[in-house]
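Visitor: As given, the protein sequences belong to chains V, X and D, one line each in that order. Going by this note's numbering, the first residue of the first sequence is number 11, and it counts up by one from there. Going by this note's numbering, the first residue of the second sequence is number 3, and it counts up by one from there. Going by this note's numbering, the first residue of the third sequence is number 1471, and it counts up by one from there. We put the beta carbon where it would ideally sit given N, CA and C, even for glycine. Sharing a structure, written as structure tokens. Questions coming.
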Amino acid sequence: MENLKLTDKLSRFIVSWILLMIVWIAFTTSFAAQELLVGVGITAIIAFFTIPFFTCCTLTILSPTRVFYMIYYLFVFTWELIKSNIDVARRVLTPSLPINPGIVKFKTKLTTDYSRMVLANSITLTPGTLSIDIIDDTFYVHWIDVKTTNPEEAQKEIAETFEKILLKIF
Amino acid sequence: MSLLFEIIGGALILIGSIFLLLGGLGILRMPDVYNRLQAGTKATTLGGMSLILGVGFLKVEDDWTWMVKALIIVIFIAFSNPISSHALARAMYKRKRYPLIKNDDGNMDAYKEVSENIKKEDKK
Amino acid sequence: MTYIFYIALLFMMVGVALAAIRFVKGPTAGDRSVALDTLTTIMVAALVMLAYIFDRYIYLDVALVYGVLGFIGVIVLARYLEGAL
């Protein structure tokens, strides 16, 4: 992180400045001049001092195709969340508790830490799976209804829908 | 228009409260800690999100700031719930609460060998 | 419209009661922390609903802060149970 170029640093600074400014407006929920002015100052200071560790991406993250895929990811994720809740409701309400739990592992193709974190959070909220640990590129996942213990098949079953989109964003 | 928002808001609130109830029921009924985490996390995440969005929809015409605040809480729940459940699951495994396994064929618990290796390295 | 609130509050109350049974009964500390995590999320939702019923905007901030504190509490509990604290 020490050997970032100046342009790189500047573009990271601008990304976190914009994001923090959006958060500021959302929290204050007002467009009064003095509020905006204070917000611009404070967010600039925070963004400046957190360049080395707070930011994940340069300005290229805001390109239209990536933003489109982010919104697409949001819809896919919401649909999976609803599906997983119906699945949980069915399991909880059945008197005999139809579960077959176990822990499976699989390898991911994602390379950056941020994309792995998003994938881990997503598979926790998708049908029947709960991520337990990530070691390098191996995910360990608790599965409420184990269909296969083979890593490749498990990867296809659990993570492929999200991975395809995340590869295009990061 | 206001009737439409009322119907959407009321439906979301009802669905949300039903899922919150199912979350409590899942916590009570499931046999071991990992299955409890699964049921509890998923059901309360969607339940809370939909109930809070429902309240935002009911207020959206009077005062749009309610919707913005509701969205902040929804985003916060969506981020924080999986992280805390993940931390709890890993802590439980490190305390040797091994998951319940029904049809054991030898490789149903892929994490066991890894966690033993981690402990050996810690002792060195 | 008010009937919907009564029904929803009833459902949430039953949910809180069921999670509380697990909180009291839970054989180990882990089960109790899981129940606490669930109770926190249900309480955040309940606070947002009370904000609408009493028409107080400030209760939303209370719900947000309660959620943040509950999240930090569960993370600290998990680190403690893991033996890293």
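If we define contact as Cβ-Cβ less than 9 Å, is residue 1524 of chain D a contact residue for chain X?
Guide: Residue 1524 of chain D has a beta carbon lying at 9 Å or more from every beta carbon in chain X.
Visitor: Look at residue 1514 of chain D and residue 79 of chain X and say whether their C-beta atoms are less than 9 Å apart.
Guide: yes
Visitor: Looking at the secondary structure, which residues open and close the alpha helix (DSSP H) in which residue 26 of chain V lies?
Guide: 16-38
Visitor: With a CB to CB cut of under 7 Å and the five nearest residues on each side skipped, what residues in its chain are close to residue 56 of chain V?
Guide: Annotation for residue 56 of chain V: 30 place their beta carbon closer than 7 Å to its own, counting only its chain and skipping 5 residues before and after.
Visitor: Using CA atoms only, rank isn't needed, just tell me which of V/43, V/42, V/81 is closest to residue 178 of chain V.
Guide: V/81
Visitor: Are the segment 54-70 of chain X and the segment 160-175 of chain V in contact at 8 Å, needing three or more beta carbon pairs?
Guide: no
Visitor: What did DSSP end up calling residue 1536 of chain D once you bin it into helix, strand or coil?
Guide: helix
Visitor: So is residue 15 of chain V buried or exposed if we call it buried at 16+ other beta carbons inside 10 Å?
Guide: Under this definition residue 15 of chain V is an exposed residue.
Visitor: So which residues on chain X does residue 1502 of chain D lean against when the C-beta distance must stay under 7 Å?
Guide: Those do not exist, as residue 1502 of chain D stays about 10 Å from chain X at its closest Cβ, beyond 7 Å.
Visitor: Taking residue 56 of chain X as the reference, which of X/84, X/5, X/9 has the closest Cα?
Guide: X/9
Visitor: What residue does the beta strand (DSSP E) around residue 149 of chain V start on, and which one ends it?
Guide: 148-153
Visitor: In terms of DSSP beta bridges, what is residue 139 of chain V paired with?
Guide: V/153
Visitor: Hey, does residue 1539 of chain D have any beta-carbon neighbour from chain X nearer than 9 Å?
Guide: Chain X contact via Cβ: absent.
Visitor: According to DSSP, is residue 126 of chain X helix, strand or coil?
Guide: Note that residue 126 of chain X scores a pLDDT of 48, beneath 50, so its modelled location is shaky; the value from the coordinates is reported in the next line. Looking at residue 126 of chain X - three-state DSSP - the assignment turns out to be coil, as it is neither helix nor strand.
Visitor: Does residue 99 of chain X get closer than 9 Å to chain V when you measure Cβ to Cβ?
Guide: So no, residue 99 of chain X is outside the interface.
Visitor: Closer than 7 Å by beta-carbon distance: list the chain D residues that pair up with residue 54 of chain X, in chain order.
Guide: 1515, 1518
Visitor: Based on Cα-Cα distance, which residue from V/36, V/127, V/39, V/118 lies nearest to residue 170 of chain V?
Guide: V/118
Visitor: Does residue 82 of chain X get closer than 9 Å to chain D when you measure Cβ to Cβ?
Guide: yes
Visitor: So if DSSP puts residue 114 of chain V in a beta bridge, which residue, or which two residues, is it bridged to?
Guide: Beta bridge pairing from DSSP links residue 114 of chain V with V/151.
Visitor: Is there a Cβ of chain X sitting closer than 9 Å to that of residue 1494 of chain D, yes or no?
Guide: no
Visitor: Apart from the five residues on each side of it in sequence, which residues of its chain come closer than 8 Å, Cβ to Cβ, to residue 1472 of chain D?
Guide: Here the set comprises nothing.
Visitor: Is the beta carbon of residue 1505 of chain D sitting closer than 9 Å to the one on residue 29 of chain X?
Guide: yes
Visitor: Please work out which residues of its chain come closer than 8 Å, Cβ to Cβ, to residue 1478 of chain D, disregarding the five sequence neighbours upstream and downstream, and give them in chain order.
Guide: 1519
Visitor: Identify the contact partners of residue 91 of chain V in chain X, using a Cβ-Cβ distance below 9 Å as the criterion.
Guide: 44, 47, 48, 51, 80
Visitor: Which same chain residues, not among the five before or five after residue 35 of chain X, have their C-beta less than 7 Å away from its C-beta?
Guide: 94, 99
Visitor: State the start and end residues of the unbroken alpha helix (DSSP H) segment that holds residue 161 of chain V.
Guide: 161-168
Visitor: How about residue 74 of chain X and residue 37 of chain V: are their beta carbons less than 9 Å apart?
Guide: Yes, these two residues count as a Cβ contact at 9 Å.
Visitor: Can you pull the chain X neighbours of residue 141 of chain V, defined as C-beta to C-beta under 7 Å?
Guide: 88
Visitor: Restricting to runs no shorter than 4 residues, where is the alpha helix (DSSP H) found entirely within the segment 35-95 of chain X?
Guide: 35-61
Visitor: Strictly by DSSP, which residues pair up with residue 111 of chain X?
Guide: V/113
Visitor: The alpha helix (DSSP H) with residue 79 of chain V in it runs from where to where?
Guide: 74-103
Visitor: Between residue 94 of chain X and chain D, is any beta-carbon pair separated by less than 9 Å?
Guide: yes
Visitor: Give the straight-line distance between the Cα atoms of residue 146 of chain V and residue 116 of chain X, rounded to the nearest whole angstrom.
Guide: 12 Å
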